[in-house]
Amino acid sequence: MAFYLSAELLTLVWLVLALEGGVLLAPRLLTASFLVILPYFALTDFLEHRVPNIALLLCLALRILLTLVQLHCESAHRLVGHTARDLGVGLAFALALCLVGKATHGGVGMGDVKFSLVMPLFLGGELSFYSLLLGFSIAALFSTTKLLLKTGAGAFALVPYIYAATLIVVYTDLLI
Numbered sequence: 002m003a004f005y006l007s008a009e010l011l012t013l014v015w016l017v018l019a020l021e022g023g024v025l026l027a028p029r030l031l032t033a034s035f036l037v038i039l040p041y042f043a044l045t046d047f048l049e050h051r052v053p054n055i056a057l058l059l060c061l062a063l064r065i066l067l068t069l070v071q072l073h074c075e076s077a078h079r080l081v082g083h084t085a086r087d088l089g090v091g092l093a094f095a096l097a098l099c100l101v102g103k104a105t106h107g108g109v110g111m112g113d114v115k116f117s118l119v120m121p122l123f124l125g126g127e128l129s130f131y132s133l134l135l136g137f138s139i140a141a142l143f144s145t146t147k148l149l150l151k152t153g154a155g156a157f158a159l160v161p162y163i164y165a166a167t168l169i170v171v172y173t174d175l176l177i
């Protein structure tokens, strides 16, 4: 739990950085808002092994609201192009994870598939790709270690690994 609270503090710092000189930078606002919501998904997936549909729908509603706010700051053509690109990336991630879930007979749950659809709408395609790749790598390392130590296989929550990976990717991107 301390990990989640410290991540929330880092997210608040990120949000303050998003308000540079009183000018709201839309991509950072999207990232910051997703990082505030992400611990809920990670904790729910960890404790209950599910990703709530209502929370995903609320994320989509938040993204629509933030898009409407952005329309006042940017040209509509550019904004629609970025949103469509991010939605396309999310659909590609969801399709890929759905296929992996079918190939592994439930190795990736539908909650993870839906979560991967929403993620690029907030983080963009590039950060989402790196976050998912690192999250799957961390999960695979953990799962392999569990198997080698013979502490059992079985289902485990994927979103907490994606959460940790997203924090690493976003904050290293901020530092670079």
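Just add 1 to the spot in the sequence shown (first one is 1) and you have my numbering. By construction, the Cβ of each residue, glycine as well, lies at the ideal position given by its N, Cα and C atoms. Everything numeric in this text was worked out from a predicted model, so none of it was measured.
- A residue is called buried once 16 or more other Cβ atoms fall within 10 Å of its Cβ, and Phe116 is buried on that count.
- Sequence-distant Cβ neighbours of Leu98 in its own chain, meaning closer than 8 Å and more than five residues away, are Val109, Asp113, Val114, Ser117.
- Per DSSP, Pro121 is one residue of the alpha helix (DSSP H) stretching across 111-149.
- By the neighbour-count criterion, in which 16 or more other beta carbons inside 10 Å mark a residue as buried, Ser138 falls on the exposed side.
- With a cutoff of 8 Å on beta-carbon distance, Thr167 and Leu39 are scored as near each other.
- Contact between Leu31 and Phe123 holds: CB atoms are separated by about 5 Å, below the 8 Å threshold.
- Distance from the CA of Arg64 to the CA of Ser129, rounded to the nearest whole angstrom, comes to 15 Å.
- Within a 10 Å sphere around the beta-carbon of Ile163 sit 16 or more other beta-carbons, which makes this residue buried.
- With a cutoff of 8 Å on beta-carbon distance, Phe94 and Pro121 are scored as near each other.
- Nearest in C-alpha terms to Phe35, of all of Leu61, Leu69, Leu100, is Leu61.
- Non-local beta-carbon contacts of Pro161 in its own chain, meaning distances under 6 Å to residues more than five positions away in sequence, involve Ala43, Phe47 in chain order.
- The straight-line gap separating the alpha-carbon atoms of Thr146 and Thr68 is approximately 42 Å.
- Separation of Arg51 and Met111 (C-alpha to C-alpha, rounded to the nearest whole angstrom) is 9 Å.
- Only exposed fits Gly89, as fewer than 16 other CB atoms lie within 10 angstroms of its CB.
- In the displayed model, Thr45 falls within a helix according to three-state DSSP.
- Within the same chain, Cβ atoms closer than 7 Å to the Cβ of Val170 are found at Leu128, Tyr131, Ser132, Leu135, the five residues on either side in sequence being excluded.
- With 16 or more other CB atoms across the displayed protein chains lying within 10 angstroms of its CB, Ala158 is buried.
- Residue environment for Ala141: exposed (fewer than 16 other C-beta atoms within 10 angstroms of its C-beta).
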